[in-house]
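Numbering (the numbering used here), first residue to last: 69 to 563. Glycine included, every Cβ here is placed at the ideal spot set by N, Cα and C. Following: one structure in structure tokens, then a few remarks.
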Ligand code: DHB
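Here it is, written out as structure tokens:
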């Protein structure tokens with residue numbers, strides 16, 4: 069995988085032979101934010117973070133230092149990876165978390181990364197894919213090492229790096245947080261010419277992370293196979309859906325997760341737990357004035373008595389920034405509450421709610437991720453991601469490989485492992501970030517609720533500080549509720 073394509077370098081010379089950072093080479097720039105404020109900052113761009121550069125279009129980072137920032141300022145590292153595609157280092161944006169981070173005094177770092185579509189051409193005209201798994205996370209880890217390498221001469225504190233990303237980028241942010249210093253990445257990073265430094269981070273912000281790919285198909289069918297939209301499958305796909313759904317309980321039980329009060333989270337109480345998380349989310353939104361329609365399956369009461377009892381009191385850590393659902397003082401209804409509906413959400417008809425979710429956006433096919441089955445299904449982006457430098461698409465789950473009469477190779481299995489933030493939590497060899505902010509939209513169907521729920525719970529079970537929410541009425545999206553995110557960041561950074 070880590071082949072060197074020196075032939076391509078001639079076009080883009082000269083490339084640095086050693087890692088460099090020149091504190092005097094910054095350019096003065098400014099930007100107007102969504103709220104009208106002007107941010108003045110110094111930009112340091114195209115800083116290559118490896119010495120054995122394989123793809124000069126992507127393997128560098130940009131750094132933006134707002135006026136007033138010092139070497140003690142926290143660093144906000146935003147990855148713009150989407151769809152596991154290549155992502156060139158870009159500028160901060162006025163209307164997302166990078167603009168806001170500059171305003172809040174963070175040094176903003178935006179690394180480029182190779183992705184599944186990245187190609188270079190060799191001298192003899194051969195196309196080589198440079199960014200298949202696990203290259204994107206290797207690039208990001210090299211970027212973190214670069215920041216540590218120059219920590220003493222660069223603005224920003226490399227011991228306080230906060231990572232942020234959405235979807236496949238949420239997966240990258242999750243990987244940065246959950247694989248710090250893990251030895252299984254070390255040889256790759258050394259070959260790339262990454263700095264010989266630690267690559268653990270302080271906190272990870274993950275919006276709708278597309279993770280646990282080898283179990284995402286079973287989670288998807290387990291959650292959705294009874295919905296209206298799965299009732300019209302042809303017999304072949306209906307059988308796949310049923311088989312995959314039936315594999316999820318054993319996987320879930322194998323994780324040995326437990327809730328904050330010690331209750332084991334097992335297949336028998338799992339749907340009730342998801343229900344309690346959706347009720348918690350809707351109640352927070354309702355308390356803030358949102359209209360929660362009964363038609364989605366919610367049941368309301370004027371009293372909190374008799375409310376649906378989740379397997380744990382109040383769900384996962386209520387979240388310092390979001391707060392647990394609070395009854396309004398004196399029993400008054402907040403503005404926007406509906407008259408006869410009742411203040412408290414006491415139950416949710418999950419069948420109704422899931423039918424609503426799948427009505428907002430059609431489900432993926434079956435299987436949702438490892439979809440490639442000869443003569444039946446086309447490859448997915450994930451089949452592409454686990455392909456090799458020739459541009460192949462491959463299966464990465466035992467289930468789908470068997471449908472094709474093949475098996476997952478050891479190499480692909482290892483790539484899948486390196487791309488899954490569930491792989492190393494609690495292994496004693498990995499410096500997992502102490503702080504986590506994980507959001508997955510309450511109507512996001514790009515991956516099923518169990519995927520982020522298991523991840524958040526596993527981190528919490530490992531003693532990490534986790535603020536998790538199935539964010540009310542959010543589709544597959546990220547960098548939202550920035551007031552809430554930056555309030556949370558303030559609490560963890562001031563501790
Ligand atoms: C993304 C979305 C998906 O549904 C997926 O399977 C992989 C990546 C994305 O938006 O990055």
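Under a three-way DSSP split, which group does residue i fall into?
{"i": "residue 130", "result": "strand"}
{"i": "residue 158", "result": "coil"}
{"i": "residue 63", "result": "The chain is shown only over 69 to 563; residue 63 falls outside these bounds and no answer can be derived."}
{"i": "residue 458", "result": "coil"}
{"i": "residue 533", "result": "strand"}
{"i": "residue 198", "result": "coil"}
{"i": "residue 139", "result": "coil"}
{"i": "residue 509", "result": "strand"}
{"i": "residue 450", "result": "helix"}
{"i": "residue 318", "result": "helix"}
{"i": "residue 363", "result": "helix"}
{"i": "residue 347", "result": "helix"}
{"i": "residue 149", "result": "coil"}
{"i": "residue 500", "result": "coil"}
{"i": "residue 117", "result": "coil"}
{"i": "residue 275", "result": "strand"}
{"i": "residue 489", "result": "coil"}
{"i": "residue 221", "result": "coil"}
{"i": "residue 547", "result": "coil"}
{"i": "residue 170", "result": "helix"}
{"i": "residue 552", "result": "helix"}
{"i": "residue 309", "result": "helix"}
{"i": "residue 561", "result": "helix"}
{"i": "residue 464", "result": "coil"}
{"i": "residue 517", "result": "coil"}
{"i": "residue 525", "result": "helix"}
Please name the residue or residues paired with residue i in a DSSP beta bridge.
{"i": "residue 185", "result": "Partner(s): none; residue 185 has no beta bridge."}
{"i": "residue 176", "result": "132, 144"}
{"i": "residue 376", "result": "Answer by DSSP bridge pairing: none, since residue 376 is not bridged."}
{"i": "residue 369", "result": "412"}
{"i": "residue 92", "result": "Note: residue 92 sits in no beta bridge, so no partner."}
{"i": "residue 106", "result": "100"}
{"i": "residue 325", "result": "333"}
{"i": "residue 570", "result": "Given that the chain is displayed from residue 69 to residue 563, the structure contains no residue 570 and the question cannot be resolved."}
If we count the other Cβ atoms within 10 Å of its Cβ and call it buried at 16 or more, is residue i buried or exposed?
{"i": "residue 597", "result": "No information on residue 597 is available, as it lies outside the stretch 69 to 563 that the chain covers here."}
{"i": "residue 168", "result": "buried"}
{"i": "residue 370", "result": "exposed"}
{"i": "residue 322", "result": "exposed"}
{"i": "residue 332", "result": "exposed"}
{"i": "residue 84", "result": "exposed"}
{"i": "residue 207", "result": "buried"}
{"i": "residue 152", "result": "buried"}
{"i": "residue 336", "result": "exposed"}
{"i": "residue 528", "result": "buried"}
{"i": "residue 248", "result": "buried"}
{"i": "residue 498", "result": "buried"}
Can you tell me whether residue i sits near the ligand GTP, meaning its C-beta is under 8 Å from at least one heavy atom of the ligand?
{"i": "residue 95", "result": "Ligands in the displayed structure: the ligand DHB; the ligand GTP is not one of them."}
Starting from the N-terminal side, write out each stretch of the alpha helix (DSSP H) that is 4 residues or longer and does not extend beyond the segment 224 to 273. Segments of the alpha helix (DSSP H) lying fully in the segment 224 to 273: 236 to 246, 254 to 260.
Hey, which unbroken runs of the beta strand (DSSP E) at 3 residues or more fall wholly within the segment 412 to 448? 412 to 416
Is the segment 293 to 310 in contact with the segment 474 to 488, if contact means three or more CB pairs nearer than 8 Å? No, because fewer than three Cβ pairs between the segment 293 to 310 and the segment 474 to 488 fall closer than 8 Å, the two stretches do not touch.
Entirely enclosed beta strand (DSSP E) segments - the segment 277 to 307, minimum 3 residues: none
Between the segment 448 to 455 and the segment 532 to 540, do at least 3 Cβ pairs fall closer than 8 Å? no
Say whether the segment 253 to 261 touches the segment 496 to 510, bearing in mind that this needs 3 or more beta-carbon pairs closer than 8 Å, one atom from each stretch. no
Contact between the segment 254 to 270 and the segment 285 to 300 is defined here as three or more beta-carbon pairs at a separation below 8 Å; is this criterion met? no
Does the segment 265 to 272 come within contact of the segment 209 to 224, defined as at least 3 CB pairs closer than 8 Å? yes
Is the segment 224 to 235 in contact with the segment 131 to 149, if contact means three or more CB pairs nearer than 8 Å? yes
Would you check if the segment 293 to 302 and the segment 416 to 425 touch, i.e. whether three or more CB-CB distances between them fall below 8 Å? yes
Would you call the segment 144 to 164 in contact with the segment 228 to 245, where contact means no fewer than 3 C-beta pairs closer than 8 Å? yes
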